[in-house]
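Worksheet: the structure to be examined is printed underneath.
Shown next as structure tokens:
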């Protein structure tokens with residue numbers, strides 16, 4: 002399974018929204034690094050940066066809150082599942 006590491010908070014929130022598994026969060030001083038695992042991560046990243054995605058605003062806001070919760074409630078986070086619940090969709 003492909004892994005993808007990013008320090009981009011909003012890209013990480015987008016991955017959570019898409020149901021991509023967050024496998025680790027590392028925090029060093031004021032910087033967070035997120036490691037995701039799943040298929041097509043490079044493609045999703047490209048679509049995000051090329052502004053080729055549509056995200057329901059409330060669902061994206063929920064992903065952002067989930068990611069902030071991970072960032073501020075732990076210094077390091079490893080998981081075998083996503084911590085974001087997609088509305089109306091089991092992950």
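Numbering (the numbering used here), first residue to last: 2 to 92. C-beta atoms are modelled at their ideal positions from N, C-alpha and C, and glycine is treated no differently.
Using a Cβ-Cβ cutoff of less than 6 Å, which residues in the same chain neighbour residue 86 once the five nearest sequence positions on both sides are dropped? Unreliable placement is indicated for residue 86, whose pLDDT of 41 sits below 50; the coordinate value is still reported in the next sentence. Closer than 6 Å at the Cβ level, and outside the excluded window around residue 86, lies no residue.
For residue 38 and residue 21, the rounded distance between their alpha carbons: 7 Å
Where the alpha helix (DSSP H) through residue 53 begins and ends: Neither: residue 53 is in no alpha helix (DSSP H) and is coded neither H nor E.
Backbone CA spacing between residue 3 and residue 44 [nearest angstrom]: 12 Å
Check for me: the beta strand (DSSP E) holding residue 19 runs from which residue to which? Taken as a continuous stretch (DSSP letters only), residue 19 belongs to no beta strand (DSSP E), as it is neither H nor E.
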